[in-house]
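These notes are about the structure you will find just below.
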Amino acid sequence: MANDYARTKAHACLMTFAWLFLVPNGIILARYYKKLLPSLRILNVDFWFNGHRVLMISTFVLSIVAFFLVLSDHGWKWVEPEEKTAFAHSIFGIVIIGIIIFQIIIGFVRPKKDSSFRKLFNWFHRSVGMICLILAIVTIYLGVCIDDMGLKNVGWGVVLGWSLWLIIFIALMEIVQNYNKNKNQYEYPPEQLDNHNSRYSMVDGVKIWLLVLHLIASLAFVVALITLIGLSKKEEKN
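For the sequence shown, position 40 matches number 40 in UniProt numbering, and the numbering has no gaps at all.
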């Protein structure tokens with residue numbers, strides 16, 4: 001690393017915010033909250049899609065800025081293969097940037113709803129997005145393990161805590177989603193419709209509260225890691 005360690009810290013902070021907060025929430029919005037704020041449509045586009053698109057494009061912008069920050073900190077040279085953890089981190093990182101560019105491009109040319117390719121596109125776009133997120137998490141784990149970052153086990157522990165929370169949240173959302181789906185498969189007689197609609201509203205309320213809880217929890221982990229990065233000191237080599 002070059003002497004200007006602040007640029008490497010800025011890189012780490014931007015990537016942490018982008019990939020541990022923006023991307024997961026962009027995916028969560030598309031997966032679980034397509035009916036969120038149905039009346040809020042911009043350019044005749046649903047809120048969830050606008051939100052998803054803004055979060056992903058923001059991630060791309062932050063990732064590009066972060067990439068050039070760390071590259072400039074290394075004197076515009078790539079990491080040496082001898083620095084195994086840092087080198088692996090850099091390779092994963094550039095692959096991920098390539099994937100998100102691809103995802104954004106195909107996102108703008110997705111087929112129309114009545115297209116026979118729409119389901120295939122949705123499956124492909126969703127699968128590539130999940131692979132990209134998993135690779136990003138691996139990359140961040142590698143990043144906090146780089147000796148020069150000086151984060152040691154504390155940084156690794158924060159990322160682990162974030163990962164466990166995300167797994168718990170997704171499990172809860174899948175339970176709620178499947179409960180809602182199963183209830184909607186039945187045809188209710190008129191005298192039971194009010195009760196059914198009441199349960200439907202209750203499920204929506206649970207989803208909103210879970211979203212609020214998730215945003216608070218995930219942001220807390222992200223802020224904790226960014227704070228650790230800001231306070232960390234470069235490891236001195238003997």
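A virtual CB, placed ideally from N, CA and C, is assigned to each residue, including glycine.
- Annotated as distal: Thr8 and Val222, with beta-carbon spacing of 8 Å or more.
- Per DSSP, His89 is one residue of the alpha helix (DSSP H) stretching across Lys84 to Phe108.
- Exposed is the label assigned to Ser116, since fewer than 16 other Cβ atoms lie within 10 Å of its Cβ.
- Residue environment analysis places Ile175 among the exposed positions, since fewer than 16 neighbouring C-beta atoms fall within 10 angstroms of its C-beta.
- Judged by DSSP secondary structure, Asn25 falls within the alpha helix (DSSP H) whose first and last residues are Val23 to Tyr32.
- Following the DSSP letters along the chain, one finds Ser72 inside the alpha helix (DSSP H) bounded by residues Phe47 to Asp73.
- Closest in alpha carbon position to Trp156, among Phe87, Cys145 and Leu135, is Cys145.
- DSSP places Lys9 inside the alpha helix (DSSP H), whose first and last residues are Tyr5 to Phe17.
- When only Cα atoms are considered, Ile140 and His89 end up about 8 Å apart.
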